[in-house]
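Peer 1: Chains as they are written, first to last, in my numbering: chain H, 1 to 511; chain F, 1 to 369. Glycine included, C-beta positions come from ideal geometry on N, C-alpha and C. I have a structure here, written as structure tokens, and I will follow up with some questions on it.
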Amino acid sequence: MADYIYTNVLKNINYLKSTYHTDICTDIVVRDFQILVNNFRYKAFIIYIDGMADSCLINNFILTPLMIRNKANSFDFNLEQYNDINKTEDLLNYVYNCLIPQNAINKVQCFADVFSSVNMGNCVLFIDSLDTAFDLDVKGFKQREITNPSNEIVVRGSQESFVENLRTNTTIIRRLINSENLILENLTIGKLTKTQVVVGYISGITNPKLVSEVKKRINNLNIDYLTSSGQLEQLIQDSPNNIFPQTIATERPDKTVNYLLDGRVCLIVNGNPYALILPGVFIDFLSSPEDLNLKFQFANLGKIIRLLAMLFSILLPGIYIAITNYHQDLIPTELLFTIAASRESVPFPTVVEILLMEISFELIREAGLRVPTPLGTTIGIVGALILGDAAVSASLVSPILIIVVAITGICSFSIPDFSLNFTFRLCRFIYIMLGYLSGFLGIGIGIFIQMTIMCGMESFGCPYLDPSTLNKRSISNYFVLPIWKREKISGFVHPQKKHIQGKTSMNWRHD
Amino acid sequence: MNNSKLNNLEAIGLLSIIMANKVILNLPELIISSTGSAAWLNTIYITVIAFIFLSIILKLMNHFPEFDILDISEYIGGSFLKFVVGIFQIILLFFIANIVIRSFSYTLKTIYFTQSPILFIVLFMVVPVLIANTFGLKSISKICLYVVPIAYIGLVILLLAPVKDFEFQRIFPILGYGIDATFFSGISNLFALSGLGYIFLLPQNLGNNTNIKKITTISLALSVSALFFSILCMLFTFSYHVNPNENMNLYLLTMVVHHGNVIHGINILFMIIWILSIIAYISTTVFFILFILKKLGRLKYTNSLNYSFSSLFLSSCIVFQNYPQFYFVAQSFMEHVILYFVFLLEPLLFIIAIIKHKIQSSLAKKTMT
């Protein structure tokens, strides 16, 4: 395999044609032609991928200047071919400076760069006698328009979401942070896919050790392919076997920007509409992007509700089993009679009953996700109403259990983070078993073990669950302070500067 | 970016859990049974002694800020003394953890799991301890930071709930069983604060040793206030002649908590909080056992020892055939041994070390001159 570009254009054509299998790959276009420079004629060709490059750009700004508007340099057959080494440098500079009216142009000398550029949608120009090719940015492939976020919906915030195109995503971030200190570094992952990944951070705020740790982990990935940010997340997190999410995945540029301003690092993978923010600590996963747009009283109400929802979604079925099997004295007598009466005709023990319902609920949820959108609602209604009602009528489960499972399900939908939701779904089954085995003792033990695991975790060196490192004046906290008091950057990331804004943000009040 | 040393808040949480867990177990009842209605006076008395003791040991430790009790023993008597003190400390800590696990498991069995074998309950207690020690002291101390406020809030609710049933004349006679029982033989109730002994093992686990005074004082203040108010509440609610339950007398207070038809029988909610704090305490104790073993054996990792000790706990907790046998050993023997070790022997070792240091310094000065 050749490393460097040949000076003979025919060799280059043959090599590229064979490498790209142009006899079977019809979308690879190799267009050869001749150019005139200082009365000399040279063989040249361009190579690009049909559909990825913009044909109009190629025609108007590459082929036209090289072939048609270049008439002034008329060819004289009496002159010799232009092959002197000093003159080749003149040729290179002349073509670069005078013949290609392009703003994004690079000189490349090795074939690896040629392949990389062509695969990304660029067009590469080869000229006979030159050992350098011109990499011309003429990307023009179809891509999804910027749309509303589909999974992180807010009322008062921005309605833009990331798309699959890397450059569009970096542009959105650049538009939101109008600062020269915003650094967006390009890295490549995957020997085969050569996926572009952007590492974003704000110089002067983000801890340089954190940035180098992120880059170290990415640069030391020995993988052939990377197709999504979800794969990257699993490859770089501290505890890959742990079920708790350690990096925040978001489709919202405004959320990404908020975290960048809080001293975090973001990763954007080409071809994926989700940015990864790291490090992610537990409380970040319970925060909604809406929190920062609302008055702090409303935001805190939302946070309290989400914390309650978190507790219910993990513990409620387990607590129900514990109470009905071991601690009946906790229930008011009237309710106890109601529960006993409702269970009278049910032949199964409570644990079977609750597992039956929980598994059914998970099936409905999974089915709702897989079927087309209009049918998803129908599946939900059919599952929730008809199946639930039928199960009660058939005495398979008690009515009170339907209420428990329904509340648990609703609470689990209140968890803003998709990955954390999965974690809690898994934990719920563990708590059901613990509650069944030893009532509240088991649940207490479960809480202790879960907290131990969470307290022992780290995300890029930052403690995952540590109340002593949380800064109440930053955005990462259990409760949100008013915006004029949110002047600090989270301390656990050890930022370069501690304040993101001045102590007195509303100067007009002090005039 | 993170380190394994404790910050101030984590250290306070850890020490508070260590010292306050006895309140949850049977300590208020023990003090009340030995001093009668003067239990509150006795608590103030032992609190004063504890603070004096704390200031003395902090002054002693100031001479060797980075040294724990094992380093001090090594300094005095070389590896031999270090080994002896270390083993003795391990045995004591092992017994303390055993007492706590066994008595708490026994209480749970009596109240909730009458049909279950004690092994089943002990197993449930040992597994989280094993997991917690896999993650280390930092993780345990962070849990303490969450558990301590919850436990204290629970305690406040518990102590305020039976206010309507308080009989304030129950603190009479003021001197209870007499001056002797309150102030002389009652000094043995200092056992309640034997958690102070953990301070001797703390220096090398602290991020900043200069704050040890603040950390220990706050922890002790929190613990004695919990003890004092629990005793006061018990005294006001129940007659001191009544010895209703040798285990977890605070549990009795939970039975009093009720409001209308809805809130009643919520004792189990308090029990969850206590389960968390007791396991956090046992995890800490096991950590220090492993810490001593690590120092004695100059070991790098203690994971395999953690598994071994957890198995040992499981088997040793069921050695005693019945609870009275166990209770006799725990109360009559271990309490006094622990008391003498923590309040006499360990400070004595520090005093000897200081004397040795001074003699060595003066000898060195003489040689120089």
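Would you say Ile483/H faces chain F, with C-beta separation under 9 Å as the test?
Peer 2: The sequence position of residue 483/H within the first sequence is 483, counting from 1. Taking Cβ atoms only, chain F never reaches closer than 9 Å to Ile483/H, which makes this a no.
Peer 1: What is the rounded straight-line gap between the Cα of Ser230/F and the Cα of Val224/F?
Peer 2: By 1-based counting over the second sequence, the position of residue 230/F is 230. By 1-based counting over the second sequence, the position of residue 224/F is 224. Using only the alpha carbons, I get a separation of about 10 Å.
Peer 1: Quick one: complete beta strand (DSSP E) runs, 3+ long, within the region 114 to 153 of chain H?
Peer 2: 123 to 127 and 133 to 136
Peer 1: Using a Cβ-Cβ cut-off of 8 Å (strictly less than) and excluding sequence neighbours within five positions of Ile379/H, which residues of its own chain qualify?
Peer 2: Position 379 of the first sequence, counted from the start, is the residue given in the question as residue 379/H. Taken in chain order, the residues that qualify are Ile364, Ala367, Gly368 and Val371.
Peer 1: Mind checking if Pro317/H is an interface residue toward chain F, Cβ cutoff 9 Å exclusive?
Peer 2: On the first sequence, residue 317/H is found 317 positions in, with the first residue counted as 1. Chain F contact via Cβ: absent.
Peer 1: Going by DSSP, which residues form a beta bridge with Val269/H?
Peer 2: Start at 1 with the first residue of the first sequence, and residue 269/H comes out as number 269. Val269/H is bridged to Val197/H.
Peer 1: Phe244/H and Ile443/H - do their beta-carbons sit closer together than 9 Å?
Peer 2: Numbered from 1 along the first sequence, position 443 holds the residue referred to as residue 443/H. Numbered from 1 along the first sequence, position 244 holds the residue referred to as residue 244/H. No, Cβ-Cβ distance for Ile443/H and Phe244/H is not below 9 Å.
Peer 1: Would Ile359/F and Leu60/F qualify as a contact pair, given that the criterion is a beta-carbon distance under 9 Å?
Peer 2: As a first step, residue 359/F must be located in the second sequence, where it is residue number 359. As a first step, residue 60/F must be located in the second sequence, where it is residue number 60. Contact flag unset, no.
Peer 1: From the DSSP secondary-structure annotation, give me the bridge partner or partners of Asp32/H.
Peer 2: Against the first sequence, residue 32/H aligns to sequence position 32. DSSP, once it has assigned bridges, lists Phe45/H as partnering Asp32/H.
Peer 1: Suppose the cutoff is 8 Å on Cβ atoms and the five residues either side in sequence are ignored; what does the same chain contact list for Asn242/H look like?
Peer 2: On the first sequence, position 242 is the one that residue 242/H refers to. Within the same chain, Asn242/H has close Cβ partners Ile453 and Met457.
Peer 1: So with Cβ pairs under 9 Å, would you call Phe440/H a contact of chain F?
Peer 2: Translated into the one-based positions of the first sequence, residue 440/H becomes position 440. Yes, contact with chain F.
Peer 1: Would you check if the distance between the CB atom of Gly136/F and the CB atom of Ile18/F is smaller than 9 Å?
Peer 2: Position 136 of the second sequence holds residue 136/F. Position 18 of the second sequence holds residue 18/F. For Gly136/F and Ile18/F, no; Cβs fall outside 9 Å.
Peer 1: Can a CB atom of chain H be found closer than 9 Å to the CB of Tyr146/F?
Peer 2: Indexing the second sequence from 1 puts residue 146/F at position 146. Chain H contact via Cβ: present.
Peer 1: Report the neighbours of Ala132/F on chain H: residues whose CB is nearer than 7 Å to its CB, in chain order.
Peer 2: Numbered from its first residue, the second sequence carries residue 132/F at position 132. Neighbours of Ala132/F on chain H, chain order: Thr452.
Peer 1: Would you say Ser419/H and Ile283/H are within 9 Å of each other, going by their C-beta atoms?
Peer 2: By one-based count along the first sequence, residue 419/H stands at place 419. By one-based count along the first sequence, residue 283/H stands at place 283. No, they are not a contact pair.
Peer 1: List the whole-angstrom C-beta distance separating Val163/H from Pro273/H, where the pair is believed to meet the contact cut-off of C-beta under 8 Å.
Peer 2: Counted from its first residue, the first sequence places residue 163/H at position 163. Counted from its first residue, the first sequence places residue 273/H at position 273. The pair is a contact, with the Cβ atoms about 5 Å apart (cut-off 8 Å).
Peer 1: If you follow the beta strand (DSSP E) that Val108/H is in, where does it begin and where does it stop?
Peer 2: Numbered from its first residue, the first sequence carries residue 108/H at position 108. Run containing Val108/H: Ile105 to Val108, per the beta strand (DSSP E) assignment.
Peer 1: Between Ser139/F and chain H, is there a C-beta pair that is closer than 9 Å?
Peer 2: Against the second sequence, residue 139/F aligns to sequence position 139. Ser139/F counts as touching chain H.
Peer 1: Could you check where the alpha helix (DSSP H) with Asn12/H kicks off and where it finishes?
Peer 2: In the first sequence, residue 12/H corresponds to position 12, counting from 1. Note, Asn12/H: alpha helix (DSSP H), Val9 to Thr19.
Peer 1: Three-state secondary structure (DSSP) at Thr250/H?
Peer 2: Here residue 250/H is taken as the residue at index 250 of the first sequence, counted from 1. In the structure shown, Thr250/H sits in a strand (DSSP, three-state: E or B).
Peer 1: Kindly indicate which three-state DSSP category Pro399/H falls into: helix, strand or coil?
Peer 2: Position 399 of the first sequence, counted from the start, is the residue given in the question as residue 399/H. Helix.
Peer 1: Going along the chain, which residues of the region 286 to 316 of chain H sit with their C-beta nearer than 9 Å to a C-beta in chain F?
Peer 2: none
Peer 1: Using a cut-off of 8 Å between C-beta atoms, extract the partners of Phe448/H located in chain F.
Peer 2: Position 448 of the first sequence holds residue 448/H. Pro128, Ala132, Ile143, Ile275, Leu276, Ile279 and Ala280, listed in chain order.
Peer 1: So if DSSP puts Asp50/H in a beta bridge, which residue, or which two residues, is it bridged to?
Peer 2: Walking along the first sequence from the start, residue 50/H turns up at place 50. Looking at the DSSP assignment, Asp50/H forms a beta bridge with Ala53/H.
Peer 1: At a CB-CB cut-off below 9 Å, which residues of chain H make contact with Tyr112/F?
Peer 2: Position 112 of the second sequence holds residue 112/F. Chain H residues near Tyr112/F: Tyr326, His327, Ser438, Gly439, Phe440 and Leu441.
Peer 1: By how many angstroms is the C-alpha of Val382/H removed from the C-alpha of Val392/H?
Peer 2: Here residue 392/H corresponds to residue number 392 of the first sequence, with the count starting at 1. Here residue 382/H corresponds to residue number 382 of the first sequence, with the count starting at 1. Going by the C-alpha atoms only, they are around 14 Å apart.
Peer 1: Looking at C-alpha atoms only, which residue of Gly302/H, Ile205/H, Ser228/H and Ser395/H is the closest neighbour of Asn165/H?
Peer 2: Counting from one through the first sequence, the residue named residue 165/H turns up at place 165. Looking at the Cα atoms, Ser228/H is the closest of the given residues.
Peer 1: Please classify Gly197/F as buried or exposed, where buried requires at least 16 other C-beta atoms within 10 Å of its C-beta.
Peer 2: In the second sequence, counting from the first residue as 1, residue 197/F sits at position 197. The residue in question, Gly197/F, is buried, as its Cβ has 16 or more Cβ neighbours within 10 Å.
Peer 1: Should the region 285 to 303 of chain F be called in touch with the region 93 to 108 of chain F, which here means at least 3 C-beta pairs below 8 Å?
Peer 2: yes
Peer 1: Counting Cβ pairs closer than 8 Å, one from the region 323 to 343 of chain H and one from the region 293 to 313 of chain H, do we hit at least three?
Peer 2: no
Peer 1: My assumption, with CB atoms under 8 Å, is that Leu99/H sits in contact with Pro65/H. Please give the rounded CB distance.
Peer 2: Start at 1 with the first residue of the first sequence, and residue 99/H comes out as number 99. Start at 1 with the first residue of the first sequence, and residue 65/H comes out as number 65. Right, their Cβ atoms sit about 5 Å apart.
Peer 1: What is the C-beta distance between Leu315/H and Met357/H, in whole angstroms, given that I count them as a contact (C-beta under 8 Å)?
Peer 2: Numbered from its first residue, the first sequence carries residue 315/H at position 315. Numbered from its first residue, the first sequence carries residue 357/H at position 357. The distance from the Cβ of Leu315/H to that of Met357/H is about 16 Å, inconsistent with a contact at the 8 Å cut-off.
Peer 1: Just by C-beta distance, which residues in the region 458 to 490 of chain H are closer than 7 Å to chain F?
Peer 2: Cβ proximity to chain F below 7 Å picks out Glu458, Gly461, Cys462, Pro463, Leu465, Asp466, Pro467 and Ser468 from the region 458 to 490 of chain H.
Peer 1: Can you tell me which of Arg428/H, Ser239/H and Thr171/H puts its alpha carbon nearest to the alpha carbon of Gly280/H?
Peer 2: Here the question's residue 280/H lines up with position 280 in the first sequence. Of Arg428/H, Ser239/H and Thr171/H, the residue nearest in Cα terms is Ser239/H.
Peer 1: Throw me the rounded Cβ distance for the Val122/F and Ile101/F pair, which I believe falls under 8 Å.
Peer 2: Within the second sequence, the letter at position 122 stands for residue 122/F. Within the second sequence, the letter at position 101 stands for residue 101/F. The pair is a contact, with the Cβ atoms about 6 Å apart (cut-off 8 Å).
Peer 1: What does a CB cutoff of less than 6 Å around Leu58/F pick up in its chain, not counting 5 residues either side in sequence?
Peer 2: Start at 1 with the first residue of the second sequence, and residue 58/F comes out as number 58. Cβ contact annotation for Leu58/F (same chain, cutoff 6 Å, sequence separation greater than five): Lys213, in chain order.
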